[in-house]
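Encoded as structure tokens, the structure appears first; notes follow it.
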Amino acid sequence: MRTLSVFDSSEDVTSFVQGKIRGLIAEEGKTCLVQEDDPEKFREAHLRFEKWFELPPGEKLVTYYSCSYWKGKVPCQGWLYLSTNFLCFYSYLLGAEVKLVISWDELWRLEKTSNVILTESIHVLAHGEDHYFSMLMHLNETFVIMEQLADYSIKRLFDKESFQREPALSDPLQITKRGLEANAKSEQFRTFFRLPKEENLLEVHESFLWVPFSHFNTLGKICLSENYLCFASQDGSQCHVIIPMREVVNVEKPDSSSRALTVCVRGKRALRFSEVRDYQRLANTIRSRCGINASPQHSASSEAIRGECQSLINHFEDNPEDVTLMVGQKDSSKAVSTEALMTVFHPQDVENLDPKMLKEKMKEQSWNIHFSEYGRGTSMFFTRKTRDLIVRGVPEALRGELWMLFSGAVNDMATHPGYYTELVEQSLGTSTLATDEIERDLHRSLPEHPAFQSDTGISALRRVLTAYAYRNPKIGYCQAMNILTSVLLLYAKEEEAFWLLVAVCERMLPDYFNRRIIGALVDQAVFEDLIRENLPQLVEHMTDLSFFSSVSLSWFLTLFISVLPIESAVNVVDCFFYDGIKAILQLGLAVLDYNMEALISCHDDAEAVTILNKFFDSVTNKDSPLPPTVQQASVGNNDKASHISVDISELIREAYEKYGNIRSEEVESSRKRNKLYVIQTLEDTTKQNVIRVVSQDVRFSASQLDELYNLFKRQHFLSCYWTMNSPALLHHDPSLAYLEQYQLGFQQFSMLFSLLEPWAFCSIKSTLSLWVFRLIDENQDGLINFKEFCCALDTLYTGSFTNKLKFLFKLHLPPAFTGSPLHLKEQRIQHFIPVTEDSSHLNRLTAFDLPEDGVIRKSPERGRGKVDLQAYLKQWQNEILKKEESIKDLPRINQTQFIQFSKTLYNIFHGDPEEELLYRAVAHVTSLLLRMEEVGRRLQEPSSPPESKKPANTTVGEESSTEESSTTPESSDTSSSHNSQDLSETEWSFSFEQVLASLLNEPAIVSFFERPVDIQTKLGQAKVAQLKSKTNK
């Protein structure tokens, strides 16, 4: 009660008590969950996991839980196993076995739900089926692990750019439950405090922080990372502070009885933390990270600092109203342009005393008072009052500084001195697709603003965009980046604008600026959820909310800059840098709410778009000190008289009042939930487009192509599941054409082809598989796309006898067949493929220069290399004009190739019920063709043929009769070998017409190839055997 007496109001007492209770509950829950897994029990669980699910030995079990799985309306009690790549469930009760295996990359939805039957459960949607898991002892912990594994899989397999930014999770064999939990906490930590992606949460300590401006200690948590000391309150005061370790000058322990320590930072400022449980270890950790030594040679300076800190603490406690919390900012690296464009093209007139300028000065004074109370610079306190000032509007003179502070870009720039200047020098003069697009859009960026009507502004914009494209070639340049960067350059120095762009693209709006704009699509899905929750009246009228997704895309991509006048849009950007995407979502809801009646009464989408456009054109900023020429720069419609004007400050204030209860944590959780759905929707669109293209060239049904595509894509992923740096991950590039997004290397292809080919003549990694791979790899890049794969299967399943035979004939011609029978052992597959997992395509590309990331580029895309568009157009034209191959165009098959062709036929017929009859037919055809060749040679050489040829013919006859009696392919191989050695030195060969005509005379062979094979059965068997083939590999 003595503590509560320091509060001035009952609201402060209530918020303090609530925060303390929440802290105690969290601490109690944490102690309950902190229990080491019994290694023996985990080993037993792992053995059961391997036995029940028969997954490859490389699959790593992360954790397991007892739970109920709802199959329909009946619960099955069993065990939920979470591994690196799969979600598995097993139950065996009363003789009924329930087994479920779902790969994380197949999930469409993952969320916590509750209904009348299930008070709390985890909902999983995959393959169009709903799965519910309940009765979990620690449901929240389970959900976090599942969420992390699903997110890990999505990033690793579908979105390798963002995955490569998380090296801690790069090895699937090293993922642990503890590592996933730590990664989840680090993500929340970085997002909340806007810290660089390299920072990881190392320690958390509960403590009180003395807050001079409130005259009391606020309860919260100290969060420590490699380079930052952060504090966030838990008592509802919304107070937090970020202290870079580079700003810390000393750490003292003034009072051991209160377990307190004081952190002294530059600018004569100190922060006092009390009731820290392990304060001594925390103090030592901070000292070591700041490089502060307590050695004798530093004792004098330490004493001086200690005295300074103590005097500061006394001053804080005795005179809180006089405290000075100014923190100076270091001058960072030298930038190309050292002034913000607004100060160059619109300098403020200090003698101008018009009402707008007076109000601007009052805003500046309010912020100066805020700085004197809460600090200025990197160690400033962020409180409710800070947000209130943001909502009212940031003064023009302080906008750049505050944007840098709120976004965290100030820390990026401080820790990378000279980086931007080096980038500008390195990127100067480079020519890529990104630079071409930048040049095209330079003069479309705020074209009516004076700053971008001059070379000064255009040159600065070019340097920033080109430097960023050089820094991050995976993003390169995307439309909308030019508009955003233009506004940043108006209020920030050139180098600052660059780091602000980095913060936006890589932290605040992840995955926004790429070809698929996944981040924007995810946030639009979040926006739709918020509309359903907050605007039910609008939802009732417009059941299809996809309209709002299409119309709001520019709101998210440009932060309303493209739809609002520039003087109003910058106020939105102020809120965005402070509150992140939450501010944009709130404003979007406020816009729809403001126009609710008009939207409900409209009859079609076009009318709704017109209503919103008129509304945006009517938004003004009555307090803006900008001149009219600048204010009109972004206004596309001058018809303002027909619509009542709306002040942007009022609109933003209304957004915060009505929708300010939306929590950032809820937005991030919704982002993760909707990202699964968005990516799977994009993947499904890719599949439908591929199937539509392929269906024109094959006779498979749409459902069969759908199943084939799923098997093809799964085979691609199977080579990625258990390998850290699988080249298959490099194959996948969503920016490529639909057909090229998923491709198989030789090892992947041979496994899948052996499961699906109709006659079981190709075993995994066999020489025949290699020949098939080479044959259907039309562009000789060492990769097979889905169309090539389906066309080959279509020929074998539904082709005519002639087409099937032609396929087998070409299989024994270059480029498919390149060896001789005497050197087949030298043509082993391991010579074609390195030992490493599925990297055959790299061997096949010795004639090409691979890009830096190892990805084979087949379509024009961003990057550092210039794309030869004419080469692509020529290749496209050749494919269009390509005529169907005639049997007369096929080259003749020589004796080496024909011997292998005969052996292939024997392999195909092996195991057939009429195997003996088919073997005799092949022997008869072989003998007949050799006799025909001998007769043809005699006709060409009428004068006394060599005596040695007669025994050759005799040998053929003898060998044929031997084969007919033995009916074994081995004897046929021997006879073929003898024939090739005993015939004359001149090579003999056959045309395809000869081979075809001879085989047509054998009804058994014709009947075999014309016999229909049920592909549906093969597809069902392949689904079951696909994982097992990897297991038994």
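The sequence shown begins at 150 in the numbering used here and counts up by one. Beta carbons are placed, not taken as given, at the ideal position from N, Cα and C, and that holds for glycine.
**Study point:** residue 598 versus residue 655 - alpha carbon distance
**Key:** What you label residue 598 is simply residue 449 of the sequence shown in a count that begins at 1. What you label residue 655 is simply residue 506 of the sequence shown in a count that begins at 1. Each residue's Cα considered, the two are about 28 Å apart.
Practice item. Just mark residue 692 as buried or exposed, buried being the case when its beta carbon has 16 or more other beta carbons within 10 Å. Key: Counting from 1 along the sequence shown, the entry for residue 692 is found at position 543. Residue 692 is exposed by the Cβ-count criterion.
Exercise for review: Could you pull out every unbroken beta strand (DSSP E) segment of at least 3 residues lying fully inside the region 262-339, listed in chain order?
Suggested key: 270-275 and 278-283
Review point. Where does residue 1014 sit, in a helix, a strand or coil, going by DSSP?
Key: Position 865 of the sequence shown, counted from the start, is the residue given in the question as residue 1014. With a pLDDT of 44 at residue 1014, under the threshold of 50, the predicted position of this residue should be treated as unreliable, and no value is reported.
Check your understanding: Quick one: what does DSSP say residue 1073 is sitting in, helix, strand or coil?
Key -> Stepping through the sequence shown from its first residue, residue 1073 is reached at position 924. Looking at residue 1073 - three-state DSSP - the assignment turns out to be helix.
Review point. Using the rule of at least 16 other Cβ atoms within 10 Å of the residue's Cβ for burial, across every protein chain shown, is residue 187 buried or exposed?
Key: Position 38 of the sequence shown, counted from the start, is the residue given in the question as residue 187. That one is exposed.
Practice item. Pull up the distance between the alpha-carbon of residue 829 and that of residue 301, whole angstroms please. Key: Mapped onto the sequence shown, residue 829 falls at position 680. Mapped onto the sequence shown, residue 301 falls at position 152. For residue 829 and residue 301, the distance between alpha carbons rounds to 15 Å.
Practice item. Please check the pair residue 232 and residue 209, which I expect to be a contact at CB under 8 Å, by giving their CB distance rounded to whole angstroms. Key: Walking along the sequence shown from the start, residue 232 turns up at place 83. Walking along the sequence shown from the start, residue 209 turns up at place 60. Yes, residue 232 and residue 209 are in contact; Cβ-Cβ is about 6 Å, under 8 Å.
Check your understanding: Ends of the alpha helix (DSSP H) at residue 859?
Key -> Walking along the sequence shown from the start, residue 859 turns up at place 710. Here the alpha helix (DSSP H) through residue 859 covers 851-870.
Review point. What are the start and end residues of the beta strand (DSSP E) that includes residue 220?
Key: For the purposes of this step, residue 220 is taken as the residue at position 71 of the sequence shown. 210-220 is the span of the beta strand (DSSP E), which, as asked, contains residue 220.
Check your understanding: Around the Cβ of residue 1177, are there at least 16 other Cβ atoms within 10 angstroms (buried) or fewer (exposed)?
Key -> Here the question's residue 1177 lines up with position 1028 in the sequence shown. Exposed, because fewer than 16 other Cβ atoms sit within 10 Å of the Cβ of residue 1177.
**Study point:** Where residue 226 sits in the DSSP three-state scheme
**Key:** If you number the sequence shown from 1, residue 226 lands on position 77. Reduced to three states, the DSSP call for residue 226 is strand.
Exercise for review: Express the C-alpha separation of residue 930 and residue 898 in angstroms, rounding to a whole number.
Suggested key: Stepping through the sequence shown from its first residue, residue 898 is reached at position 749. Stepping through the sequence shown from its first residue, residue 930 is reached at position 781. Rounded to whole angstroms, residue 898 to residue 930 spans 14 Å at the Cα level.
Point to revise | Endpoints, the alpha helix (DSSP H) within which residue 1144 is located | key: The sequence position of residue 1144 within the sequence shown is 995, counting from 1. Run containing residue 1144: 1141-1149, per the alpha helix (DSSP H) assignment.
Check your understanding: If you count every other CB in all the chains shown that lies within 10 Å of the CB of residue 200, and 16 or more means buried, which is it?
Key -> As a position in the sequence shown, residue 200 is number 51, starting the count at 1. When all chains shown are included, residue 200 counts as exposed.
Check your understanding: Roughly how many whole angstroms lie between the Cα atoms of residue 428 and residue 381?
Key -> The sequence position of residue 428 within the sequence shown is 279, counting from 1. The sequence position of residue 381 within the sequence shown is 232, counting from 1. Computed Cα separation, rounded: 17 Å.
**Study point:** Closest Cα partner of residue 368 within the set 374, 388 and 375
**Key:** In the sequence shown, the residue the question calls residue 368 occupies position 219. Answer by Cα proximity: 388.
Review point. Which of the three DSSP states, helix, strand or coil, is assigned to residue 556?
Key: The sequence position of residue 556 within the sequence shown is 407, counting from 1. Of the three classes helix, strand and coil, the one that applies to residue 556 here is helix, per DSSP.
Practice item. State the start and end residues of the unbroken alpha helix (DSSP H) segment that holds residue 953. Key: Within the sequence shown, the letter at position 804 stands for residue 953. Taken as a continuous stretch (DSSP letters only), the alpha helix (DSSP H) holding residue 953 covers 950-959.
Check your understanding: residue 924 to residue 825, Cα distance in whole Å?
Key -> Counted from its first residue, the sequence shown places residue 924 at position 775. Counted from its first residue, the sequence shown places residue 825 at position 676. Distance between the alpha carbons of residue 924 and residue 825: 37 Å.
Check your understanding: With DSSP run on the structure shown, which of helix, strand or coil describes residue 733?
Key -> In the sequence shown, counting from the first residue as 1, residue 733 sits at position 584. Note: residue 733 maps to helix in three-state DSSP.
Exercise for review: Leaving aside the five residues before and after residue 293 along the sequence, list all residues of the same chain whose C-beta is less than 6 Å from its C-beta, in chain order.
Suggested key: Along the sequence shown, one-based indexing puts residue 293 at 144. If we look at residue 293 and ignore the five residues flanking it on each side, its Cβ neighbours are 333.
**Study point:** From 544, 862 and 538, residue whose alpha carbon lies closest to that of residue 506
**Key:** Sequence index remark: in the sequence shown, residue 506 carries index 357 (1-based). Closest in alpha carbon position to residue 506, among 544, 862 and 538, is 544.
Review point. Taking the Cβ atom as the reference point for each residue, do residue 922 and residue 956 lie within a distance shorter than 7 Å?
Key: Within the sequence shown, residue 922 is the residue found at index 773, counting from 1. Within the sequence shown, residue 956 is the residue found at index 807, counting from 1. No, the Cβ-Cβ distance between residue 922 and residue 956 is not below 7 Å.
Practice item. Starting from the Cα of residue 1053, find the closest Cα among 1075, 1036, 1062 and 1035 and give me that residue. Key: The residue given as residue 1053 occupies position 904 in the sequence shown. The shortest C-alpha separation from residue 1053 is found at 1075.
Practice item. Please classify residue 812: is it buried, with 16 or more other beta-carbons within 10 angstroms of its beta-carbon, or exposed? Key: Your numbering for residue 812 matches position 663 in the sequence shown. The residue in question, residue 812, is exposed, as its Cβ has fewer than 16 Cβ neighbours within 10 Å.
Check your understanding: Three-state secondary structure (DSSP) at residue 718?
Key -> Your numbering for residue 718 matches position 569 in the sequence shown. In this structure, residue 718 counts as helix in the three-state DSSP scheme.
Practice item. Classify residue 1165 as helix, strand or coil using the three-state DSSP reduction. Key: What you label residue 1165 is simply residue 1016 of the sequence shown in a count that begins at 1. Of the three classes helix, strand and coil, the one that applies to residue 1165 here is helix, per DSSP.
Exercise for review: Let me know if residue 749 comes out buried or exposed under the rule of 16 or more other beta-carbons within 10 Å of its beta-carbon.
Suggested key: Stepping through the sequence shown from its first residue, residue 749 is reached at position 600. Here residue 749 is exposed: its Cβ has fewer than 16 other Cβ atoms, across all protein chains shown, within 10 Å.
Practice item. Would you kindly check if the distance between the Cβ of residue 377 and the Cβ of residue 344 is under 7 Å? Key: What you label residue 344 is simply residue 195 of the sequence shown in a count that begins at 1. What you label residue 377 is simply residue 228 of the sequence shown in a count that begins at 1. Yes; because the gap between Cβ atoms is below 7 Å, this pair is in contact.
Exercise for review: List the residues that DSSP assigns as beta-bridge partners of residue 393.
Suggested key: Working through the sequence shown from its first residue, we reach residue 393 at position 244. Bridge partners of residue 393: 377.
Check your understanding: Beta carbon of residue 440: closer than 6 Å to some heavy atom of the ligand SAH?
Key -> Because no ligand of any kind appears in the structure shown, any question about the ligand SAH cannot be addressed here.
Exercise for review: For my contact list, residue 1059 and residue 1151 are in at a C-beta cut-off of 8 Å; report their separation, rounded to the angstrom.
Suggested key: One-based indexing of the sequence shown puts residue 1059 at position 910. One-based indexing of the sequence shown puts residue 1151 at position 1002. Going by Cβ atoms, the distance from residue 1059 to residue 1151 rounds to 17 Å, so no, they are not a contact pair.
**Study point:** residue 1168 to residue 1056 span [Cα, whole Å]
**Key:** In the sequence shown, residue 1168 corresponds to position 1019, counting from 1. In the sequence shown, residue 1056 corresponds to position 907, counting from 1. So the two alpha carbons sit approximately 22 Å from each other.
Point to revise | Residue burial classification, residue 126 (beta-carbon count within 10 angstroms, cutoff 16) | key: Not covered by the structure: residue 126. The range shown for the chain is 150 to 1182.
Practice item. Name the two residues that bound the continuous beta strand (DSSP E) containing residue 235. Key: Here residue 235 is taken as the residue at index 86 of the sequence shown, counted from 1. 235-242 is the span of the beta strand (DSSP E), which, as asked, contains residue 235.
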